[in-house]
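Student: This is the structure I have questions about; it appears just below.
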Amino acid sequence: MRYFAILFGVITALVIMPVAQAQEVLYEDHFGEPGGDCETQIEWGSVIGGNTVQPFFFADQTPDGEFCAGELTTVDANGGIVISGGGEPTLEDYRVEAWVYTIVDAGTTAPNNGIVARARYDDVTENLYGYILCSDFDQNTDNNAPRIRLLLYNGVVFPSTIAQWSGDDIPGGAPTESGWHKFTLQVEGDQLWAWYDDELLAGCPYTDSSLSQGLFGVYAFDFMQMNATYVDDYIVTEPFQTGVTVEAASIQTPANSVLYQNYPNPFNPRTTIRYQIHQAMPVQLTVYNTQGHVVQALVDQMQSAGTYTVEWNAENLTSGTYIYQLKTPAQVEQREMILLK
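Read in order, the letters of the sequence shown correspond to residues 259 to 599 in this note's numbering.
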C-alpha cells in the first residue's frame, strides 16, 4: 500500500489540474442597494409572455433584510406562462440560485414560481425551450399534492416533467403559507442538479441532453388568473467543477461503468458518491488525501451490476480536497471533492 501511495501521489501531481476553490460570479441582482432605491442590476428581457423582471418595493423584509425584490407578472387575467431572461444565449454550464416568494393557494391551481436555465424562444417556430425549477403549492390534494417540479420545455405546448418532489421529499415539508424559499438549479453538460432551501433534492443529478445552452431567468405561471413571481438575491455562477479523471491511471472505461461527481460538492460534512457497475465484479471505493494516503475504505466487496450510492461522513476531518477512487478489474477512475467547514 505504501508503494501505491507514492505512485498515486506522483500521478496526482502530473495529471490533476488546479481547480478553483470558489465559484466565479457571472451575474447577480439584489434589486437595490441597502437603503437605496429599488433597481435591477441585470438587464432582464422577455423570453415569453412579454413581461420582464421589474424592481419592486416589497411590503415585508426580503431575505437580505431590505425591502426590494424583482417582480415578474403574468400578462392578463387569464394567467399563462411568463419567462424573463438574462445573460447570453450561448451560456452553457452554470448555476442559478435565488430566493423565490412561493405562493401557497387553497385552491386547485396555485401559481408556479421559480427559476429557469438554458431558456430561449424560437420566433420562427414559436416554440419555448428551457429547464424550469418551480413550486406548485396548491393545497387541494384532490388535484395535486403541493410539490416542487423540474420541468423541460422542448418545443411543445406543455412541459414534460423530469422530476417532482412532494411530501417528505420536500426538505422541511410542503409550506402551508406563502413565503421566501431558496431555489438552486445547476446545469452542467447533460446533468441537472436541483436544491430547495440549500438541500439537494432526491435523485439528483438527473440526466437530460435536450438543451445545451440558453438564458437564465425567472418563471411565473398561473392557469386561471393574473399573478406574479417575486425573487431576491438572484445569483448566477459557474458550476462546481471540481471532478477530474486521472487518465494515466485508467484502463479503458466500459460505456456503462461510471463514477459520478459527488453531491453536494463542496460539502460539510456529508456527501453522496454514486457509481455504476456494468457487470458483477469486485469493487473497491476508497477515499484518499492529496498525498495519496488512504483516508477511508468505503467499499471492498463483490457487487452485482447496477447503480450504487454511498454516503461519506467527513465530520472528523479538516477542510480540503480529497480524492475518491473507484477500482475494478476493468478500470481505475477517480475524482476530487472539496470539504468546506
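Glycine residues also receive a C-beta, built at the ideal position from the N, C-alpha and C atoms.
Considering just the uninterrupted stretch of the beta strand (DSSP E) at C326, what are its terminal residues?
Tutor: Segment 326–331, the beta strand (DSSP E) holding C326.
Student: Quick check: Y411 and G388, are their CB atoms within less than 9 Å of each other?
Tutor: Taking 9 Å as the Cβ cut-off, Y411 and G388 qualify as a contacting pair.
Student: How about Q592 and Y546: are their beta carbons less than 9 Å apart?
Tutor: A contact, by the Cβ cut-off of 9 Å.
Student: For L394, which three-state DSSP category applies?
Tutor: Note that residue 394 corresponds to Asp in the displayed sequence, not to Leu. DSSP places D394 in strand when its eight states are reduced to three.
Student: Which residue wins for smallest C-alpha separation from L284, given the options G293, I300, G290?
Tutor: Minimum Cα distance to L284 is reached at I300.
Student: Who are the Cβ neighbours of P313 in its own chain at under 7 Å, not counting the five residues just before and after it?
Tutor: Excluding positions up to five away in sequence, the list reads F289, G290, C296, E297, T298, C326, G328.
Student: Should the stretch 478–496 be regarded as contacting the stretch 460–469, the criterion being three or more beta carbon pairs within less than 8 Å?
Tutor: Segments in contact, no.
Student: When the Cα of V305 is compared with those of S393, I341, G461, G578, which residue comes out closest?
Tutor: For V305, the nearest C-alpha among the options comes from I341.
Student: Judging by CA-CA distance, which residue of I420, E324, V516 is the nearest neighbour of G461?
Tutor: Among I420, E324, V516, the Cα nearest to that of G461 belongs to I420.
Student: Between the alpha carbons of G338 and T332, how many angstroms are there, rounded?
Tutor: Distance between the alpha carbons of G338 and T332 is about 6 Å.
Student: Leaving out the 5 sequence neighbours to the left and right, which residues in its chain are closer than 6 Å to A555 when beta-carbon positions are compared?
Tutor: Cβ neighbours of A555 beyond the five flanking positions: T544.
Student: Is R378 near L443, with beta carbons less than 9 Å apart?
Tutor: Against a cut-off of 9 Å, the Cβ pair of L443 and R378 comes out as no contact.
Student: Are the Cβ atoms of V445 and A356 separated by less than 9 Å?
Tutor: Going by C-beta atoms, V445 is not nearer than 9 Å to A356.
Student: In this structure, how does DSSP classify G425 when only helix, strand and coil are distinguished?
Tutor: Helix at G425.
Student: Which residue or residues does DSSP assign as beta-bridge partners of G564?
Tutor: According to DSSP, which records beta bridges pairwise, G564 is partnered with I535.
Student: Do the stretch 448–460 and the stretch 317–325 touch if we need at least three Cβ pairs shorter than 8 Å?
Tutor: Verdict: no, contact absent.
Student: Taking the C-alpha atoms as reference points, what is the distance between Q602 and T586?
Tutor: What the structure shows of the chain is the stretch from 259 to 599, and residue 602 is not part of that stretch, so it cannot be assessed.
Student: Give the straight-line distance between the Cα atoms of L575 and Q519, rounded to the nearest whole angstrom.
Tutor: Computed Cα separation, rounded: 20 Å.
Student: How would you write the range of the beta strand (DSSP E) that L410 sits in, first residue to last?
Tutor: Run containing L410: 405–412, per the beta strand (DSSP E) assignment.
Student: With burial defined as no fewer than 16 other Cβ atoms inside 10 Å of the residue's Cβ, what is the status of E594: buried or exposed?
Tutor: It counts as buried.
Student: To the nearest angstrom, how far is it from the Cα of T579 to the Cα of D381?
Tutor: Roughly 46 Å between the two C-alpha positions.
Student: For L330 and G308, what's the separation of their Cα atoms in angstroms?
Tutor: Computed Cα separation, rounded: 10 Å.
Student: By the DSSP assignment, the beta strand (DSSP E) with N574 in it spans what residues?
Tutor: No beta strand (DSSP E) contains N574, which DSSP labels as neither H nor E.
Student: For Q219 and N371, what's the separation of their Cα atoms in angstroms?
Tutor: Residue 219 is absent from the structure shown; the chain starts at 259 and stops at 599.
Student: Starting from the C-beta of F316, find all residues in its chain whose C-beta is less than 6 Å away, skip the five residues before and the five after it, and write them out in chain order.
Tutor: Here the set comprises F325, A327.
Student: Check each candidate in D394, G475, D426 and name the one with the smallest Cα separation from E344.
Tutor: According to the sequence displayed, residue 344 carries Gly and not Glu. Closest by alpha carbon: G475.
Student: Going by C-alpha distance, which of S577, Q542, Q534 is nearest V563?
Tutor: Note that residue 563 corresponds to Ala in the displayed sequence, not to Val. Here the closest residue by C-alpha is Q534.
Student: For L517, count neighbouring C-beta atoms within 10 Å of its own C-beta (all shown protein chains included) and say buried if the count is 16 or more, exposed if not.
Tutor: Buried: at least 16 other Cβ atoms inside 10 Å.
Student: In whole angstroms, what separates the C-alpha of V504 from that of Q549?
Tutor: Since pLDDT at V504 reaches only 29, below the 50 mark, its modelled position is unreliable, and no value is offered.
Student: Are V362 and S436 close, meaning C-beta to C-beta below 9 Å?
Tutor: Contact: yes.
Student: List the residues that DSSP assigns as beta-bridge partners of R353.
Tutor: Its beta-bridge partners are Q444, T495.
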